[in-house]
Amino acid sequence: MRCILSALLFFSAICSQAQPVKKVASTTSSSPKLVVGIVVDQMRWDYLYRFASRFGNGGFKRMMNEGFNCQNTMIPYTPTVTAAGHTCVYTGSVPNIHGIVGNNWYDSKLGKTVYCTDDAAVQSVGTTTKDGEMSPKNMLVTTISDELRIATSNRGKVVGIALKDRGAILPAGHSATAAYWYDNDNASFVTSTWYMKELPAWVNQFNSRKMPDSLMALGWNTLYPVNTYVQSTADEKAYEGKFKGISNTSFPYNFSANSTNDNWDMIRSTPQGNTLTAEFAKAVVINERLGKDSITDLLAVSFSSPDYIGHQFGPNSIENEDDYLRLDKELASLFLFLDKEVGKGQYTVFLSADHAVAHVPGFSTENKLPGGTFSGSSFTKEMNSGLKEMFGSDSLVKTIMNYQVHLNKPLIAARSLDEEKITQWIISYLYRQNTVSQAFALSKLTDQPMNKTIQERIGNGYYPDRSGHIQFVPKPGFIDGGRTGTTHGLWNPYDSHIPLLFMGWGVKQGSTHRETYMTDIAATIAAILKIQMPNGCVGKVIEEVVK
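First residue of the sequence shown: 10, per the numbering used here; consecutive thereafter.
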């Protein structure tokens with residue numbers, strides 16, 4: 010309790026030091042003072058209802074009751090991963106246009122693997138590690154955040170925050186006022202010289218408290234008696250992942266035995282990561298004076314911890330259920346804070362997810378559901394071994410990324426090998442795997458006898474220089490994974506059906522079950538703000554949402 014009180018007193022202290030920043034008044038008041046975009050990293054749509062009986066009235070339910078609920082929102086591309094999802098939400102575009110085809114990709118022009126926000130031309134700010142050498146330069150289009158900056162002649166502020174760098178940077182766009190993300194090595198929020206030369210004083214003050222230490226000292230126990238979590242499996246499951254230094258997967262978790270550095274990293278995989286994010290978001294609003302005049306500002310918040318927890322424990326775990334019950338309380342607190350600081354009805358908020366998640370294969374087996382695992386690295390090794398025997402050359406497959414096989418085209422050309430025969434050999438190999446339903450050369454995508462929805466989503470995810478040469482589609486329920494945990498990335502509804510809620514200024518109350526898409530979010534916010542859509546936007550305005 011003493012740790013919590015100390016953290017709250019410190020937060021109040023740094024907020025009181027905020028200096029007012031005057032902005033020229035807008036010529037129109039027909040817009041919200043602040044847009045808050047919330048992306049929950051790895052949230053299935055069904056969580057809104059699966060956990061509803063224990064949600065309070067101020068978080069998810071407030072958005073559902075006061076705002077507009079798009080019940081059937083789908084991701085219109087594959088792979089359904091974090092970087093592509095955050096980019097799509099804020100650009101209204103797809104990887105085929107915006108170029109963010111995954112968290113990582115193999116760039117055939119550069120001849121190397123690229124991380125989505127890597128930028129060697131910038132330097133870290135707030136850390137001596139390379140964790141700050143990041144920017145949005147690999148994203149090829151504008152975001153709704155950029156368009157707001159353009160529409161207000163850069164007077165409207167835009168700030169992106171998340172524990173994950175990509176969750177902060179890509180939503181904030183190219184011209185953001187700031188983007189901040191979490192650095193494990195010093196338990197601090199950091200940035201890069203893309204945005205500024207040094208951290209603002211208030212960020213240094215926030216970091217100096219080392220709030221992760223106070224939060225992790227609390228451990229993690231269930232919000233309610235553990236035997237009342239009837240929406241989840243038993244607490245201890247062999248197919249759940251373990252925390253470093255902890256021998257079981259049962260509550261309560263005591264992190265005090267771990268080193269400080271371990272806890273700084275581990276906070277990502279606990280609900281405390283959501284608390285840290287929410288408290289930093291409040292500090293941003295106060296210290297940057299967001300929503301304090303008639304010129305619209307934008308705060309992009311991504312809650313990263315649900316993704317770490319979901320990967321480790323799976324969607325049917327008590328850990329996942331407890332995380333969402335606690336996240337609901339964080340949202341309720343954030344909305345009450347915004348009511349006070351900006352004004353109820355004076356801000357617009359939307360909430361969605363970057364992707365959902367598959368069941369843990371062990372859970373599927375336990376419940377007699379189809380599903381299992383495969384190993385992409387084993388596929389690569391076996392293919393290269395077979396290709397060497399057939400064609401006499403090593404390493405003809407460069408890598409498998411995002412369910413696509415990348416050929417070593419320079420080597421194939423240098424040795425005058427038959428690329429078509431190599432491609433057909435690989436396709437034949439993939440079809441022999443009992444985990445694969447389809448495999449084909451991406452150059453022949455439109456010729457494939459396959460469901461048109463799947464075909465369209467693969468096409469929307471294809472960007473030539475950053476995509477592979479051969480696509481394979483796992484059977485439903487199968488993931489590239491190991492003995493514990495789960496993942497996401499496919500076209501299937503368990504990965505692509507996401508929540509979409511709007512609330513506040515300019516938003517009608519209601520809901521729809523018609524199919525809407527992740528690409529529609531940016532278009533709808535543009536309509537509410539009466540500004541131009543992002544320059545790669547292919548989404549449509551969800552007309553039912555807009556007053």
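Just so it is clear, CB atoms sit at the ideal spot from N, CA and C, and this is done for glycine as well.
Extent of the continuous beta strand (DSSP E) to which A247 belongs: Along the sequence shown, read from residue 1 onward, the residue named residue 247 stands at position 238. Run containing A247: none; DSSP gives neither H nor E here.
Measuring straight from C-alpha to C-alpha, what distance separates E245 and M220? Taking the sequence shown and counting its residues from 1, the one referred to as residue 245 is at position 236. Taking the sequence shown and counting its residues from 1, the one referred to as residue 220 is at position 211. Their backbone Cα atoms lie some 30 Å apart in a straight line.
Give a yes or no on whether the C-beta atoms belonging to G319 and V366 are separated by under 8 Å. Start at 1 with the first residue of the sequence shown, and residue 319 comes out as number 310. Start at 1 with the first residue of the sequence shown, and residue 366 comes out as number 357. The answer is yes: Cβ separation under 8 Å.
Please report how far the alpha carbon of E75 lies from the alpha carbon of F383, in whole angstroms. Numbered from 1 along the sequence shown, position 66 holds the residue referred to as residue 75. Numbered from 1 along the sequence shown, position 374 holds the residue referred to as residue 383. Cα to Cα, the separation comes out at about 44 Å.
Taking 6 Å as the limit between beta carbons, can you name the residues of its chain near I84, skipping five residues before and five after? To locate residue 84, count along the sequence shown from 1; it is residue 75. Same-chain partners within the cutoff: S505, M527.
Completely contained alpha helix (DSSP H) runs for the region 332–409, where each covers 4 or more residues: 370–375, 385–400
For G169 and A160, believed in contact at Cβ under 8 Å, the rounded distance: Along the sequence shown, one-based indexing puts residue 160 at 151. Along the sequence shown, one-based indexing puts residue 169 at 160. Rounded, the Cβ-Cβ distance is 18 Å, inconsistent with contact.
Where does N78 fall in DSSP's three states? Position 69 of the sequence shown, counted from the first residue, corresponds to residue 78. N78 falls in the strand class under three-state DSSP.
Beta-carbon spacing of G371, Y248 below 8 Å: Position 362 of the sequence shown, counted from the first residue, corresponds to residue 371. Position 239 of the sequence shown, counted from the first residue, corresponds to residue 248. Yes, they are a contact pair.
Cβ-based neighbour list, G395, same chain, cut-off 8 Å, excluding 5 preceding and 5 following: Taking the sequence shown and counting its residues from 1, the one referred to as residue 395 is at position 386. Contacts found: W434, Y438.
Check each candidate in L43, I409, A130 and name the one with the smallest Cα separation from F388. Along the sequence shown, one-based indexing puts residue 388 at 379. When each option's Cα is compared against that of F388, the closest is I409.
Kindly list the residues whose CB is nearer than 7 Å to the CB of N78, restricted to its own chain and excluding five residues on each side of it in sequence; keep chain order. Working through the sequence shown from its first residue, we reach residue 78 at position 69. Excluding residues within five positions, the ones whose Cβ falls inside 7 Å are L510, S520.
Suppose you measure from the CA of T91 to the CA of D302; what does that come to, to the nearest Å? Counting from one through the sequence shown, the residue named residue 91 turns up at place 82. Counting from one through the sequence shown, the residue named residue 302 turns up at place 293. C-alpha separation (whole angstroms): 33 Å.
Through-space distance from R59 to A243, alpha-carbon basis: By 1-based counting over the sequence shown, the position of residue 243 is 234. By 1-based counting over the sequence shown, the position of residue 59 is 50. Roughly 17 Å separates the two Cα atoms.
Going along the chain, which unbroken runs of the beta strand (DSSP E) with 3 or more residues stay wholly within the region 104–135? 113–116, 121–124
Rounded to the nearest angstrom, what separates G254 and G490 at their Cα positions? To locate residue 254, count along the sequence shown from 1; it is residue 245. To locate residue 490, count along the sequence shown from 1; it is residue 481. Between G254 and G490, the C-alpha separation is close to 22 Å.
In terms of alpha-carbon separation, which member of S265, T151, K517, T137 lies closest to D192? Locating residue 192 in the sequence shown gives position 183, where the first residue counts as 1. Measuring from the Cα of D192, the nearest candidate turns out to be T137.
Given a threshold of 16 other Cβ atoms within 10 Å of its Cβ, counted over all protein chains shown, does L17 qualify as buried or as exposed? Here residue 17 refers to the residue found at position 8 when the sequence shown is read from its first residue. Here L17 scores only 44 on pLDDT, less than 50, and its place in the model is too uncertain to base an answer on.
As assigned by DSSP and simplified to three states, the class of E328: As a working mapping, residue 328 is identified with position 319 in the sequence shown. The answer is helix: DSSP assigns E328 an H, G or I state.
Do Y86 and G470 have their C-beta atoms within less than 8 Å of each other? The residue labelled residue 86 in the question sits at position 77 within the sequence shown. The residue labelled residue 470 in the question sits at position 461 within the sequence shown. Contact flag set, yes.
Do G494 and G323 have their C-beta atoms closer together than 8 Å? By 1-based counting over the sequence shown, the position of residue 494 is 485. By 1-based counting over the sequence shown, the position of residue 323 is 314. Contact flag set, yes.
When the Cα of F400 is compared with those of Q413, E428, S373, E350, which residue comes out closest? Residue numbering aside, residue 400 sits at position 391 when the sequence shown is read from its first letter. Nearest option by C-alpha distance: E428.
Would you give the residue range spanned by the alpha helix (DSSP H) that Y503 belongs to? Taking the first residue of the sequence shown as 1, we reach residue 503 at position 494. It spans 502–505 - the alpha helix (DSSP H) in which Y503 sits, taken as one unbroken run.
Local conformation of F312 per DSSP, three classes: Here residue 312 refers to the residue found at position 303 of the sequence shown. It is a strand residue.
Would you kindly report the start and end of the unbroken beta strand (DSSP E) that includes A171? On the sequence shown, position 162 is the one that residue 171 refers to. Here the beta strand (DSSP E) through A171 covers 167–171.
Could you check the C-alpha separation between T231 and L224 for me, to the nearest Å? In the sequence shown, the residue the question calls residue 231 occupies position 222. In the sequence shown, the residue the question calls residue 224 occupies position 215. Roughly 15 Å between the two C-alpha positions.
CB-CB length for L360 against I47, believed under 8 Å: Position 351 of the sequence shown, counted from the start, is the residue given in the question as residue 360. Position 38 of the sequence shown, counted from the start, is the residue given in the question as residue 47. Contact holds; Cβ gap of about 4 Å.
Find out if the Cβ-Cβ distance for the pair Y317, Y56 is shorter than 8 Å. Reading the sequence shown from its first residue, position 308 is the one you call residue 317. Reading the sequence shown from its first residue, position 47 is the one you call residue 56. No. Outside cutoff.
What does the Cβ neighbour count give for R559, buried or exposed, with the cut at 16 atoms within 10 Å? Residue numbering for the chain in the displayed model covers 10 to 556; residue 559 lies beyond these limits and cannot be assessed.
Tell me which residues share the same chain as C24 and place their Cβ nearer than 6 Å to its Cβ, disregarding the 5 neighbours each side in the sequence. Counting from 1 along the sequence shown, the entry for residue 24 is found at position 15. Because C24 carries a pLDDT of 45, less than 50, the predicted location of this residue cannot be relied on, and the following value inherits that uncertainty. Closer than 6 Å at the Cβ level, and outside the excluded window around C24, lie I295.
Bridge partners - M520, DSSP secondary structure assignment: The count along the sequence shown starts at 1 and reaches residue 520 at position 511. As written in the sequence, residue 520 is Ser, which differs from the Met given in the question. DSSP output for S520 lists N78 as bridge partner(s).
Exposed or buried, A423, counting other C-beta atoms within 10 Å across all chains shown (16 or more means buried)? Sequence index remark: in the sequence shown, residue 423 carries index 414 (1-based). It is exposed - the Cβ of A423 has fewer than 16 other Cβ atoms within 10 Å.
Rounded distance between the beta-carbons of G111 and K338, thought under 8 Å: Here residue 338 refers to the residue found at position 329 of the sequence shown. Here residue 111 refers to the residue found at position 102 of the sequence shown. K338 to G111, Cβ: 33 Å. No contact.
Close Cβ partners of V123 (< 8 Å) along its chain, the five nearest in sequence each way excluded: Along the sequence shown, read from residue 1 onward, the residue named residue 123 stands at position 114. Excluding sequence neighbours, V123 sits near N113, W114, Y115, D116, N147, R475.
Exposed unless 16 or more other CB atoms sit within 10 angstroms - verdict on H415: One-based indexing of the sequence shown puts residue 415 at position 406. By the 10 Å Cβ count, H415 comes out buried.
Please find out if some non-hydrogen atom of the ligand MN comes closer than 7 Å to the beta-carbon of G254. Because no ligand of any kind appears in the structure shown, any question about the ligand MN cannot be addressed here.
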